[in-house]
Each structure stands twice: as C-alpha cells, then as structure tokens.
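Participant: Here's a structure for you.
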Amino acid sequence: MSATLRISDRLEIITASRPAHAATFAEDVRNGLRAKPKKLPPKYFYDELGSALFEAITRLPEYYLTNAETEILREYGWEIVRLIRSPIEIMELGSGSANKTRLLIEETLRVQNALRYCPIDISPDALRASASALVDSYPRLSVRAYAGDYFTILGSRELELRHPVLALLLGSNIGNYEPPMMQRLLDAVGASLKPGDGLLVGADLRKDSATLELAYNDPTGVTAAFNKNLLGRLNRELGANFDLRAFEHVSNYDQRRGVVDSSLLSHKKQQIQIEQLGLDVDFEAGEALHTESSYKFTIEQLTASAKQAGFSLARSWFDHKRYFSVSLFLRT
C-alpha cells in the first residue's frame, strides 16, 4: 500500500510501499560488502546530507555537467516543449532540487494555461522541499510527486499520467546505471508512455580523461565528502564504525568502456564492525569499495538503446563545448 500526503489542493506526495521482493538498505549493504570486489549501490548516496552535498557538487566549476545542461535548456527549452503536442504533462525521474526543470516549466506555461508536474525521487525530503518551492513559484502549476524507486513507481497503479507526457531524465542520470539496467529503465519508461509522448534525456558525452576525472574528484574535496558520506550513513543507520579518514575517494575513467568508476580505497588493513548486521568486514590496505559507475555516451549509443525501448530520436542539442547532450525521443 502506498501513502498519500495531500499538502494543498495543488500539491500531493505519494510514498510508494516497498515491494515484497525488494532488498532493504541493510540487505543491500550486507550483500555488497560480502561481494568480491566490494560494492555499495549508489542510490544510497541520497540521504538528507548526501542530497545537500550533491547539490553543492553541481555548483562546482569542475563539475561542468550542470552548467552545460542548463545552457542547453535555457537556449533551446522553447523548442523542446513545442515539439510535443500540447497541453502536456511533465514527469521527471530523479528531480532533486528541480532547478533546471524550472526552465522547462516556464516554457511550457508560455504555451498552455496550466501544467501538472509529476516528479519521482528516492529522497522524500528533497522531493517535498523542491515540490513545495515549485508550487509557491508558479500559481498555474500543480504537483503530484512520487517518493520511491523509479521501477516501483513506473510499474505502480498510483502513477496517473495525463497524456501527452514529456518525461525527463536529466543530469546524466541515465549514466548511473550499468548497461542492462539502463535498458531496463528505458523499457519501463517506454511502457508508461503512449505514442507521441516524449522522453528528454540529458547525457554526458565521451571526452578526454583529464576533464572527466577532475569532474568526479574536485580539488576542494566536495565529491570526496559526498562519497564518504555513504560510509557515514552506515555508521549512523546501521551502527558501523567506519573511520572516514581511513578511506580515500578515487575516480578513474576507462576509455574503452566509456565509464568513470568511483571508489573508496582503504588506507590500511582494517576490520569494520556493523552492529545491526552482526557483520565484521575485513579490508586489505589499498582495497577498493566500489560506489558508482558514471557512463558516458555517444548519440548513436543513446539512439540505439532508446529504439529498443520503443522510441525514435526527434532531435539532439548540445552546449557550446559539445561536452553534453540533451536529446528528445518520441514514443512510437
């Protein structure tokens, strides 16, 4: 059963119940730390502190992705919304603060009288804060927000969409999935849309290693703090005793695979106790705990994957450096 919180006549938040087969945070941690090599799912970055740290990352000069995507949406937003038959509804996967989304909301409200926005985000706190700010800013906007995992929401009866829909997958969110899971996500989005609906994908493009590695390991240490907060969350919520100073954040770009891998390296041989799991975890000196893979793309790759999910490419736009792309795919 899901729970609905009606905050006003223009804002409601639906919190999805966890499917019976879904792993809990504790189960994912146990399985990940027992795996070889050790790993933790990146979806657990985004507790309240993690969400705040990620917003700080998006403002770093080294993290060009946000500025590049914002440049595209600011310059071409008017064109994007006019390529979908209006009036539209906007659904967004991974809305976060929704700062960039405002550009598309404003363009949409220039061509239609009212708009309903349906964000989906795993962080209930971030979702409520951004949704409340949006309805305060735009009197002609209503928000039906969904707190939960993308796959759970996309497959639920609670997801009520009024077509035509423009679905948003921005911030190179698509690059955070391993290729099979990325395809599964595109398939799930495609299954929730109807012919003529649109999917707008923001994706980071392949480029030189130096630019990419700096974007994922800034000299001020904000990204390192974001990555290490995952260990802090284990300490706070599961009674672990990670010493964050005993781990180092590293990122490496694999040119062949087109992916930036982020990990935490143990400085020394050590044993970690996780009280609530009754689990002892041994780390060797120099052993890596993998936390995230950030895939980079070509337009051809994106188009091929979208085609498998029932989409055709309408158009792609780029920032002035051609570092980043925003592509509109139409459901066929």
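Everything in the sequence shown is counted per this note's numbering, starting at 73 for the first residue and increasing by one. Positions of the beta carbon are idealized from the N, C-alpha and C atoms, including for glycine.
Closest by CA to A170, which one among T130, A381, S158?
Facilitator: The sequence position of residue 170 within the sequence shown is 98, counting from 1. Nearest C-alpha to A170: T130.
Participant: Mind pulling the alpha helix (DSSP H) runs of 4 or more residues that sit fully within the stretch 73-108?
Facilitator: With a minimum length of 4 residues, the continuous alpha helix (DSSP H) runs that stay inside the stretch 73-108 are 97-106.
Participant: Given a threshold of 16 other Cβ atoms within 10 Å of its Cβ, counted over all protein chains shown, does N313 qualify as buried or as exposed?
Facilitator: One-based indexing of the sequence shown puts residue 313 at position 241. The residue in question, N313, is exposed, as its Cβ has fewer than 16 Cβ neighbours within 10 Å.
Participant: Is it true that the CB of L226 sits closer than 8 Å to the CB of A260?
Facilitator: Here residue 260 refers to the residue found at position 188 of the sequence shown. Here residue 226 refers to the residue found at position 154 of the sequence shown. Yes; because the gap between Cβ atoms is below 8 Å, this pair is in contact.
Participant: Exposed or buried, what is K108 when buried is set at 16 or more other beta-carbons lying within 10 Å of its beta-carbon?
Facilitator: Indexing the sequence shown from 1 puts residue 108 at position 36. When all chains shown are included, K108 counts as exposed.
Participant: Excluding sequence positions up to five away, which residues of its chain have a Cβ less than 6 Å from the Cβ of I162?
Facilitator: Translated into positions along the sequence shown, residue 162 becomes position 90. So the list reads Y189, L238, once near-sequence residues are dropped.
Participant: Is H235 buried or exposed, if buried means 16 or more other CB atoms sit within 10 Å of its CB?
Facilitator: For the purposes of this step, residue 235 is taken as residue 163 along the sequence shown, with counting starting at 1. The C-beta of H235 has fewer than 16 other C-beta atoms within 10 Å across all chains shown, which makes the residue exposed.
Participant: Looking only at DSSP bridge pairs, what is D193 linked to?
Facilitator: If you number the sequence shown from 1, residue 193 lands on position 121. For D193, which the question treats as bridged, DSSP gives the partners A219.
Participant: Identify, in the order they occur along the chain, each residue of the same chain with its Cβ nearer than 6 Å to the Cβ of P251, setting aside the five sequence neighbours on each side.
Facilitator: Along the sequence shown, read from residue 1 onward, the residue named residue 251 stands at position 179. Excluding positions up to five away in sequence, the list is empty.
Participant: Please classify G358 as buried or exposed, where buried requires at least 16 other C-beta atoms within 10 Å of its C-beta.
Facilitator: The residue you call residue 358 lines up with position 286 of the sequence shown. Per the 10 Å Cβ criterion, exposed.
Participant: How long is the line joining the alpha carbons of R305 and F117, rounded to whole angstroms?
Facilitator: Translated into positions along the sequence shown, residue 305 becomes position 233. Translated into positions along the sequence shown, residue 117 becomes position 45. Cα to Cα, R305 sits roughly 8 Å from F117.
Participant: The beta strand (DSSP E) spanning F396 covers which residue range?
Facilitator: By one-based count along the sequence shown, residue 396 stands at place 324. From DSSP, the beta strand (DSSP E) with F396 extends over 396-403.
Participant: Under the DSSP definition of a beta bridge, which residues are partnered with R188?
Facilitator: Translated into positions along the sequence shown, residue 188 becomes position 116. According to DSSP, which records beta bridges pairwise, R188 is partnered with S214.
Participant: For V207, name the three-state secondary structure that DSSP assigns.
Facilitator: Mapped onto the sequence shown, residue 207 falls at position 135. DSSP places V207 in helix when its eight states are reduced to three.
Participant: Following the continuous beta strand (DSSP E) through Q342, name the residue where it begins and the one where it ends.
Facilitator: Taking the sequence shown and counting its residues from 1, one reaches residue 342 at position 270. Here the beta strand (DSSP E) through Q342 covers 342-346.
Participant: Using 8 Å as the Cβ pair cut-off and three pairs as the minimum, do the stretch 146-160 and the stretch 267-275 touch?
Facilitator: yes
Participant: According to DSSP, is V273 helix, strand or coil?
Facilitator: Position 201 of the sequence shown holds residue 273. Correct three-state label for V273: strand.
Participant: Inspect the beta-carbon positions of L241 and L349 and report whether they are closer than 8 Å.
Facilitator: Counting from 1 along the sequence shown, the entry for residue 241 is found at position 169. Counting from 1 along the sequence shown, the entry for residue 349 is found at position 277. Their beta carbons are not under 8 Å apart, which means L241 does not touch L349 by this criterion.
Participant: In terms of alpha-carbon separation, which member of D197, N139, L176, E372 lies closest to Y36?
Facilitator: There is simply no residue 36 to check, as the chain begins at 73 and stops at 404 in what is shown.
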